[in-house]
Amino acid sequence: MSGRKLPNWLTEVSKPARYTGGELNAVQKDSTRMDLRFALAFPDVYEIAMSHLGIKILYEILNDLEWVWAERVFAPWPDMAERMAKETVPLYGLESGDPVAAFDVIGFTLQYELSYSNILYMLDLAGIPLQAAQRSEKDPLIIAGGPCTYNPEPLADFLDAVVLGEGEEVIVEIAELLRKLKQAGAPRREKLAALAGLPGVYVPSFYQVEYAAADQTLSFVRPVKPGIPERITKRIVQNYEAAPFPVCPPVPFIDIVQDRIALEIQRGCTRGCRFCQAGMVYRPVRERSPEKIKQLMDANICSTGYAEITLSSLSSADHSCIAELAADSIAQYGASGVTISLPSLRADAFSVALAEKMESSGRKSSLTFAPEAGTQRLRDVINKGVREEDLIDAVESATAAGWRSFKLYFMIGLPTETEEDLEAIGALARIVLSKARAAVSAAGAKGKNSVVTVTVSASTFVPKANTPFQWRPQDPIATIRQKQDLLRRVVRGRGIDFQWHDPETSFLEAVFARGDRRLGAVLEKAWRSGCKFDGWNEYFDFDLWQRAFAECGIDPTFYANRQRDYQEVLPWNHLSAGVDRSYLISEDQKAGQAALTEDCRTGECLGCGVCQTLDTQPSISKAVDTP
Numbered sequence: 054m055s056g057r058k059l060p061n062w063l064t065e066v067s068k069p070a071r072y073t074g075g076e077l078n079a080v081q082k083d084s085t086r087m088d089l090r091f092a093l094a095f096p097d098v099y100e101i102a103m104s105h106l107g108i109k110i111l112y113e114i115l116n117d118l119e120w121v122w123a124e125r126v127f128a129p130w131p132d133m134a135e136r137m138a139k140e141t142v143p144l145y146g147l148e149s150g151d152p153v154a155a156f157d158v159i160g161f162t163l164q165y166e167l168s169y170s171n172i173l174y175m176l177d178l179a180g181i182p183l184q185a186a187q188r189s190e191k192d193p194l195i196i197a198g199g200p201c202t203y204n205p206e207p208l209a210d211f212l213d214a215v216v217l218g219e220g221e222e223v224i225v226e227i228a229e230l231l232r233k234l235k236q237a238g239a240p241r242r243e244k245l246a247a248l249a250g251l252p253g254v255y256v257p258s259f260y261q262v263e264y265a266a267a268d269q270t271l272s273f274v275r276p277v278k279p280g281i282p283e284r285i286t287k288r289i290v291q292n293y294e295a296a297p298f299p300v301c302p303p304v305p306f307i308d309i310v311q312d313r314i315a316l317e318i319q320r321g322c323t324r325g326c327r328f329c330q331a332g333m334v335y336r337p338v339r340e341r342s343p344e345k346i347k348q349l350m351d352a353n354i355c356s357t358g359y360a361e362i363t364l365s366s367l368s369s370a371d372h373s374c375i376a377e378l379a380a381d382s383i384a385q386y387g388a389s390g391v392t393i394s395l396p397s398l399r400a401d402a403f404s405v406a407l408a409e410k411m412e413s414s415g416r417k418s419s420l421t422f423a424p425e426a427g428t429q430r431l432r433d434v435i436n437k438g439v440r441e442e443d444l445i446d447a448v449e450s451a452t453a454a455g456w457r458s459f460k461l462y463f464m465i466g467l468p469t470e471t472e473e474d475l476e477a478i479g480a481l482a483r484i485v486l487s488k489a490r491a492a493v494s495a496a497g498a499k500g501k502n503s504v505v506t507v508t509v510s511a512s513t514f515v516p517k518a519n520t521p522f523q524w525r526p527q528d529p530i531a532t533i534r535q536k537q538d539l540l541r542r543v544v545r546g547r548g549i550d551f552q553w554h555d556p557e558t559s560f561l562e563a564v565f566a567r568g569d570r571r572l573g574a575v576l577e578k579a580w581r582s583g584c585k586f587d588g589w590n591e592y593f594d595f596d597l598w599q600r601a602f603a604e605c606g607i608d609p610t611f612y613a614n615r616q617r618d619y620q621e622v623l624p625w626n627h628l629s630a631g632v633d634r635s636y637l638i639s640e641d642q643k644a645g646q647a648a649l650t651e652d653c654r655t656g657e658c659l660g661c662g663v664c665q666t667l668d669t670q671p672s673i674s675k676a677v678d679t680p
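What follows is the structure in structure tokens.
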């Protein structure tokens, strides 16, 4: 335990272990000897936050500096927040129990747009002014990083600084800079100016925003003082092989969403799906060598005691050494009961031999594939590339090898989608079920081992910044509901289960994903009305959000449901993920023609611009055969 005295009333809230700290490998330091105190904040509950790899990476990097103490702080569940208010306990760091308002920096991870209200919720619980302009010299700097920072404009009023891109190197630069300025007694404004001078760091208050009176679109975002860059380019870890990775992460007291070792084996993806923000902003692809991965496996197993490792990335089966890595890992750890698993697999990258190696314990869990669309035409529109025969072959092979449960992920509301595309989802699910049952019958399976299930999950397309579809509209809520109704009629049958997402939450996600600074007023209004934990069904209240939009005089469909011209100034145009705008336009135009773009891992350079902009290149562990 941390050594601090825990209050007796903590046992009266749900899951008190969320709030105690003191886990195995949690870092304890002497606060009186620290030059800088850093709170790593995640705007969701402990179980979600402790499953996030980025927090663990930054936690170990910062705490390896003897003069920094990095602590964790997560959003308390409402019952805990109520009790904290009653007991006049402010939001505190898990390690020390000290109020986070006394820290030098609070660094928020922006993983998904529906967590934005929780940022205000946490700042309020900490007793920190919500608006950056209202903070005094005694208040900590509020910094944000993560995938949502590729369009942080809806949060511009609340953030002092934003880190664009990968944080392993820049977080140390930030810490060293703030340490020096703190020792010199520099005022807050000077600290912000110095941060704005670091590559990849964006200070929203140093930029002026104007809108066109005629149509209310954005006219420009530009610096208000000399020396501030007009355009901020993302940071990238050039030497990914040597990049820091946690070898001694805290082990939670309670079950979390991803309760296992998550080992990132590569960063980036070369597939080029046109809807996928991660596939664009994490370019170029960089692999860790099998030797490095094995070192990290050994260290994490020894330090945590976990018996399951997930080989994590955007497309883990694409790692050039994945087959030998799986074989060697199973050979080394299988006898001791350690299992190795992969996230969801592409049907065109599926290998029964690989999957069986991953299921080394003999347990055949569900296999997940993401065709995304029901017809080949629409899969070509989004550049998915997966063919129906790839999926069927994968399912038949897996069924013959012992798998009986399959999950199929689809997306509705995709550009150019027709009723035929939706009906094809139901047809494809039935084909998968039929082929799997036939394979079971051919194998002579009986009883429970002969039962095959297919789960179809349909999410709603959300246009994201820095993707070829960033100009495309999201379907209106009413249209999405009609499409869901159609799917409920066609995705049916014994052995088939259909799951869908609330279209209102997807709509709100789209609003903030493509929003500008005017949404800050809506966000604050909604939070003051009671909005929090918007990603949780039991707390999401769309009526409150609609009221906030109306009271602020803002039409949310302007952001979510409007087709944008290529010439329009987008809220994130001054923030670069390295991918050329011309490439994104070209890919959007190819989508209109249902034309595929090949995988740059196995073909020629496609000219996305990221390697030239960032002065880098892909890093592949071994040569990949070209077609």
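One rule links them: number in my numbering = place in the sequence shown (from 1) + 53.
Note that the Cβ used here is the ideal one computed from N, Cα and C, for glycine as well.
Check	Outcome
When you compare each of L467, L194, P337 and D641 to L93 by their alpha carbons, which one comes out closest?	L194
Taking the C-alpha atoms as reference points, what is the distance between Y592 and Q261?	35 Å
Identify which residue in P299, Q236, E166 and S258 has its Cα closest to the Cα of V215.	S258
Along the chain, which unbroken stretches of the beta strand (DSSP E) at least 3 residues long are found entirely within the stretch 89-141?	89-95 and 121-127
How would you write the range of the beta strand (DSSP E) that F551 sits in, first residue to last?	I549 to W553
Determine the contact status of A186 and P143, defining contact as a CB-CB distance below 8 Å.	no
Would R336 pass as a contact of H627 if the rule is Cβ separation under 8 Å?	no
Among the residues of its own chain, which have a CB less than 7 Å from the CB of E263, if the five just before and after it don't count?	S272 and F273
Compute the Euclidean distance between the alpha carbons of S104 and V310, then round it to the nearest angstrom.	6 Å
So what's P200 in DSSP terms, helix, strand or just coil?	helix
Distance, Cα to Cα, R339 vs G438?	22 Å
If we call anything under 8 Å between Cβ atoms a contact, is L208 one with Y169?	yes
Quick check: the Cα distance between D652 and A266, rounded to an integer number of angstroms?	43 Å
Locate the alpha helix (DSSP H) running through D636, then write down its first and last residues.	In the sequence under discussion, the amino acid at residue 636 is Tyr, which differs from the Asp named in the question. Here the alpha helix (DSSP H) through Y636 covers R634 to G645.
Residues in the same chain with beta-carbon distance under 7 Å from N171, minus the five sequence neighbours each way, listed in chain order, please.	P96, D97, A128, K585 and F586
Look at the alpha carbon of P521 and the alpha carbon of A511, and state the distance between them as a whole number of angstroms.	21 Å
Have a look at F91, Y165 and G107 and flag the residue whose alpha-carbon is nearest the alpha-carbon of T558.	Y165
Reducing DSSP to helix, strand and coil, say where R617 ends up.	coil
Just the C-alpha distance for A79 and V304, rounded to the nearest angstrom, thanks.	8 Å
Going by the beta-carbon positions, is the gap between C374 and K578 smaller than 8 Å?	no
Which first and last residues belong to the beta strand (DSSP E) in which S272 is found?	L271 to P276
Checking the sheet assignment: what are the DSSP bridge partners for K287?	According to DSSP, K287 bridges with nothing at all.
At 3 residues or longer, and completely inside the stretch 159-236: list those beta strand (DSSP E) runs for me, N to C.	194-198 and 214-216
Please classify G415 as buried or exposed, where buried requires at least 16 other C-beta atoms within 10 Å of its C-beta.	Bear in mind that a pLDDT of 48 at G415, under 50, signals an unreliable position, so the model cannot answer this.
Assuming W580 and L173 make a contact with CB atoms under 8 Å, what is their CB distance in whole Å?	4 Å
Quick check on this structure: which residue in L395, L378, S389 and A197 has the alpha carbon closest to the alpha carbon of T363?	L395
Any heavy atom of the ligand SAM inside 7 Å of the beta-carbon of T610?	What this structure holds is no ligand at all, so the ligand SAM is not there to describe.
For A563, which of helix, strand or coil comes out of DSSP?	helix
May I have the straight-line CA-CA distance separating L597 from R136, to the nearest angstrom?	24 Å
Use the C-beta contact count for R654: other C-beta atoms within 10 angstroms, 16 or more gives buried, fewer gives exposed.	buried
If you draw a straight line from the C-alpha of R534 to the C-alpha of F565, how long is it?	21 Å
If you measure between the beta carbons of S368 and R399, is that distance less than 8 Å?	yes
Counting only runs of 4+ residues fully inside the stretch 462-548, write out the alpha helix (DSSP H) ranges in chain order.	472-495 and 530-543
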